[in-house]
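As structure tokens, the structure follows; a few thoughts come after it.
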């Protein structure tokens, strides 16, 4: 199950999306998240679906590889859908004992599930097409004006990049620990919620120990290389906008305008 998480992983390919400036992809992801919560009508979600499918095709990332990340949130999707389905007032459509499905509840449940699925797929697409170094540079350049307010922009960008980079590493570590515990007779599938929760303790303890050890090794390695942050540092590959990036910005803004117009209609 843990190996199915794709957030934070990079998929190498030669595509237009891979060649875009990371600042463009960060801006596009932000706009995408905004329109997901602005959209509420089927036609808006239809436009978002068409745009998402087009971007996936352009990225050359296999669709089956992207959907693997959804398996880890199936339970969350089910819980969110059930709560919206049965606990929203409106015109009753179906009644079974104390449970009642209303028209608004059905719409809210479908909208919530679609938003969560699209959110995971869309945000995973950014990390799948952007290396950790590019992501760090893009975050730092995008937030550079905030340094005038006293914010440690470089440190924030570095922490976010390291956090994303550690996701697949910790996922792989969790999978190894689970297999080692199962080889010793551990059972993570049978029993109720309480029993399953207790069974996770032998996984969480060594996982936290491993995470702290990796963090300590990384800090020592950075100190050994005299790393002191972004002040005065130069880039081996400076970020520069190309004509393709400007076209991408225009497409993103047109996409945002279309969704806003459809939301106001």
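Numbering (the numbering used here), first residue to last: 4 to 268.
Backbone N, C-alpha and C fix where the C-beta goes; we use that ideal spot for every residue, glycine too.
Beta-carbon separation (whole angstroms), residue i vs residue j, contact threshold 8 Å
{"i": "residue 34", "j": "residue 259", "result": "5 Å"}
{"i": "residue 91", "j": "residue 105", "result": "6 Å"}
{"i": "residue 127", "j": "residue 163", "result": "Between residue 163 and residue 127 the Cβ distance is about 16 Å, and since that is not below 8 Å, they are no contact."}
{"i": "residue 140", "j": "residue 242", "result": "6 Å"}
{"i": "residue 112", "j": "residue 88", "result": "4 Å"}
{"i": "residue 247", "j": "residue 22", "result": "7 Å"}
{"i": "residue 205", "j": "residue 224", "result": "No, residue 205 and residue 224 are not in contact; Cβ-Cβ is about 29 Å, not under 8 Å."}
{"i": "residue 176", "j": "residue 213", "result": "5 Å"}
{"i": "residue 199", "j": "residue 191", "result": "7 Å"}
Where residue i falls, given that 16 or more other Cβ within 10 Å makes a residue buried
{"i": "residue 24", "result": "buried"}
{"i": "residue 257", "result": "exposed"}
{"i": "residue 38", "result": "buried"}
{"i": "residue 143", "result": "buried"}
{"i": "residue 47", "result": "buried"}
{"i": "residue 264", "result": "exposed"}
{"i": "residue 138", "result": "buried"}
{"i": "residue 58", "result": "buried"}
{"i": "residue 274", "result": "No information on residue 274 is available, as it lies outside the stretch 4 to 268 that the chain covers here."}
{"i": "residue 250", "result": "exposed"}
{"i": "residue 160", "result": "buried"}
{"i": "residue 157", "result": "buried"}
{"i": "residue 16", "result": "exposed"}
{"i": "residue 216", "result": "exposed"}
{"i": "residue 96", "result": "exposed"}
{"i": "residue 85", "result": "exposed"}
{"i": "residue 78", "result": "exposed"}
{"i": "residue 255", "result": "buried"}
Residues bridged to residue i [DSSP beta-bridge criterion]
{"i": "residue 105", "result": "95"}
Beta-carbon proximity of residue i to residue j, cut-off 9 Å
{"i": "residue 80", "j": "residue 129", "result": "no"}
{"i": "residue 3", "j": "residue 109", "result": "A query on residue 3 cannot be resolved here, the shown segment of the chain reaching from 4 to 268 and no further."}
{"i": "residue 132", "j": "residue 240", "result": "no"}
{"i": "residue 121", "j": "residue 52", "result": "yes"}
{"i": "residue 167", "j": "residue 135", "result": "yes"}
{"i": "residue 82", "j": "residue 94", "result": "no"}
{"i": "residue 124", "j": "residue 55", "result": "yes"}
{"i": "residue 262", "j": "residue 41", "result": "yes"}
{"i": "residue 155", "j": "residue 180", "result": "no"}
{"i": "residue 67", "j": "residue 266", "result": "no"}
{"i": "residue 221", "j": "residue 165", "result": "yes"}
{"i": "residue 30", "j": "residue 244", "result": "no"}
Contact with chain C by residue i, beta-carbon distance below 9 Å
{"i": "residue 17", "result": "Among the protein chains of the structure shown there is no chain C, as only one such chain exists."}
Problem - Any alpha helix (DSSP H) of 4 or more consecutive residues that is wholly inside the stretch 19-100 - result: 19-22, 25-41, 45-62, 66-70, 77-89
Problem - alpha helix (DSSP H) segments (min. 4 residues) lying fully within the stretch 154-226 - result: 156-186, 196-202
Handout entry: Segments of 4+ residues assigned as alpha helix (DSSP H) that fall wholly inside the stretch 111-147
Key = 135-145
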